[in-house]
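In what follows, a structure is listed as structure tokens, so that the remarks can point back to it.
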Amino acid sequence: MTVENGKRPVIELSDIHKIYQMGDVEVRALRGVSLKIYQGEFVAIMGASGSGKSTTMNILGCLDRPTRGTYILDGQDVSELSKDERADIRNHKIGFVFQGFNLLSRTSAMENVELPLLYAAVPTSERHRRAMEAIEAVGLKGRELSHPNQLSGGQQQRVAIARAIATKPTLILADEPTGNLDSRTSVEVMEIFQRLNREQGITLLLVTHEHDIAEYADRVIVFKDGKIKNDYPVTHRRDARDELKILAETPMEENL
Numbered sequence: 010m011t012v013e014n015g016k017r018p019v020i021e022l023s024d025i026h027k028i029y030q031m032g033d034v035e036v037r038a039l040r041g042v043s044l045k046i047y048q049g050e051f052v053a054i055m056g057a058s059g060s061g062k063s064t065t066m067n068i069l070g071c072l073d074r075p076t077r078g079t080y081i082l083d084g085q086d087v088s089e090l091s092k093d094e095r096a097d098i099r100n101h102k103i104g105f106v107f108q109g110f111n112l113l114s115r116t117s118a119m120e121n122v123e124l125p126l127l128y129a130a131v132p133t134s135e136r137h138r139r140a141m142e143a144i145e146a147v148g149l150k151g152r153e154l155s156h157p158n159q160l161s162g163g164q165q166q167r168v169a170i171a172r173a174i175a176t177k178p179t180l181i182l183a184d185e186p187t188g189n190l191d192s193r194t195s196v197e198v199m200e201i202f203q204r205l206n207r208e209q210g211i212t213l214l215l216v217t218h219e220h221d222i223a224e225y226a227d228r229v230i231v232f233k234d235g236k237i238k239n240d241y242p243v244t245h246r247r248d249a250r251d252e253l254k255i256l257a258e259t260p261m262e263e264n265l
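Everything in the sequence shown is counted per our numbering, starting at 10 for the first residue and increasing by one.
Shown next, in the form of structure tokens:
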């Protein structure tokens, strides 16, 4: 295993190909993708529809397997694991955050956050403790008994982030997490991601169509036609903390 600046790779993709069979037609979604993402990196993934970014995220999230190539996650080859084995990896090593929140409407914020811990057979007292710890980390202490319909869109996304970090995953995959949010709330969500990355060293991969959202990351990977077109560091990274301070001093109507 290679090490860069004292950090180990959490993700290693080597010559990944993905071919879908559509009747008699082969669709080549990925064409030899290779990349490394190191522990504690915050990476934005961009690309137009059909570029291969969603297929890559499905493979990274162990939701799908490559047709050819090797995927090493946290030192383990997961390229050819069975469906059940991949589900186990997802439950223990990967936290997911989606554009649509995907919360259970009839359960409280606390119960939503506890759900992956329940699947992982974490004992009740430990489950409650870790769920509450995650809720506090995203600034929702006092709202843990609220149901999704009692929360704003930004608060619902905070619950989704808390759910993702409750299992203490190796990796968080966020798919368009600000897509349903207004600009101010998007900054609040990005502040949470930057803080988790900075304070807890969580490795983050974020899919976005928005260049301004990608600028909160440390690194941007751009896909085109099933390949990596560009991979570059963000030289002028946006700091959500500073932006929130400015927004707090700005009348609300000026932010609309």
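Backbone N, C-alpha and C define an ideal beta-carbon position, used for all residues, glycine too.
What residues match up with Tyr80 in a beta bridge as DSSP calls it? Beta-bridge analysis with DSSP links Tyr80 to Leu22.
Restricting to Cα atoms, I'd like to know which of Glu145, Ser43, Arg138 is closest to Ile170. The shortest C-alpha to C-alpha distance from Ile170 to any of Glu145, Ser43, Arg138 is the one to Glu145.
Just mark Lys150 as buried or exposed, buried being the case when its beta carbon has 16 or more other beta carbons within 10 Å. Taking all protein chains in view, the Cβ of Lys150 is surrounded by fewer than 16 other Cβ atoms within 10 Å, so the residue is classified as exposed.
Beta-carbon spacing of Pro75, Ser114 below 8 Å: The answer is no: Cβ separation not under 8 Å.
Please go through the same chain and pick out, in chain order, the residues whose beta-carbon is closer than 7 Å to the beta-carbon of Gln164, but skip the five residues on each side of it. Taken in chain order, the residues that qualify are Leu149, Arg152.
Same chain, Cβ closer than 7 Å to Gln166, five either side skipped, listed in chain order: Phe110, Pro186, Leu190, Val198.
Residues bridged to Val229 (per DSSP): According to DSSP, which records beta bridges pairwise, Val229 is partnered with Ala53, Tyr241.
Decide if Arg139 is buried, meaning its Cβ has at least 16 other Cβ atoms within 10 Å, or exposed. Counting Cβ neighbours within 10 Å, Arg139 comes out buried, since at least 16 surround it.
Using the Cβ count rule (16 or more neighbours within 10 Å means buried), how would you classify Ala207? Contrary to the premise, residue 207 reads as Arg rather than Ala in this sequence. Result: exposed.
Within 10 angstroms of its Cβ, does Ile201 collect 16 or more other Cβ (buried), or is it exposed? Around the CB of Ile201, 16 or more other CB atoms lie within 10 Å, so the residue is classed as buried.
At 3 residues or longer, and completely inside the segment 115-187: list those beta strand (DSSP E) runs for me, N to C. Qualifying beta strand (DSSP E) stretches, in chain order: 180-184.
By the 10 Å Cβ neighbour count, where 16 or more other Cβ atoms means buried, how is Pro125 classified, buried or exposed? Classification for Pro125: buried.
Considering just the uninterrupted stretch of the alpha helix (DSSP H) at Val196, what are its terminal residues? Where Val196 is concerned, the enclosing alpha helix (DSSP H) stretches over 192-209.
Take Leu154 and list the residues in its own chain whose beta-carbon comes closer than 6 Å to its own, dropping the five residues that flank it on each side. Exclusion of the five residues before and after Leu154 leaves Ser117 as the residues of its chain whose Cβ lies within less than 6 Å of its Cβ.
Run through DSSP, which three-state label would Ser91 get? For Ser91, the three-state secondary structure derived from DSSP is coil.
Helix, strand or coil at Asp86 according to DSSP, with G and I counted as helix: Here DSSP, grouped into helix, strand and coil, assigns Asp86 to strand.
If you reduce the DSSP assignment to three classes, tell me which class Ile64 lands in. Checking the displayed sequence, the identity of residue 64 turns out to be Thr instead of Ile. Reduced to three states, the DSSP call for Thr64 is helix.
In chain order, what residues of the same chain lie with their CB nearer than 6 Å to the CB of Ser60, ignoring the 5 residues before and after it? The residues are Phe232, Lys233.
Cut-off 6 Å between Cβ atoms - residues of its own chain near Thr79, not counting five sequence neighbours on either side: Around Thr79, the same chain offers Ser23, Ser88 as residues with beta carbons nearer than 6 Å, after the five sequence neighbours per side are excluded.
Going by other Cβ atoms of all chains shown within 10 Å of its Cβ, with 16 needed for buried, is Tyr225 buried or exposed? By the 10 Å Cβ count, Tyr225 comes out buried.
Selected residue, minimal CA-CA separation from Ala3, among Lys45, Cys71, Arg77: The structure shown does not extend to residue 3, since the chain is modelled only from 10 through 265, so no value can be given for it.
Cβ-Cβ distance between Ala143 and Ala175 below 8 Å: Ala175 is positioned such that its CB atom lies closer than 8 Å to that of Ala143.
Look at the alpha carbon of Leu82 and the alpha carbon of Ser91, and state the distance between them as a whole number of angstroms. Cα-Cα distance, rounded: 15 Å.
Just to confirm before moving on: does the CB-CB distance between Gly32 and Gly210 stay below 8 Å? Contact flag unset, no.
According to DSSP, residues forming a beta bridge with Thr212: DSSP, once it has assigned bridges, lists Leu180 as partnering Thr212.
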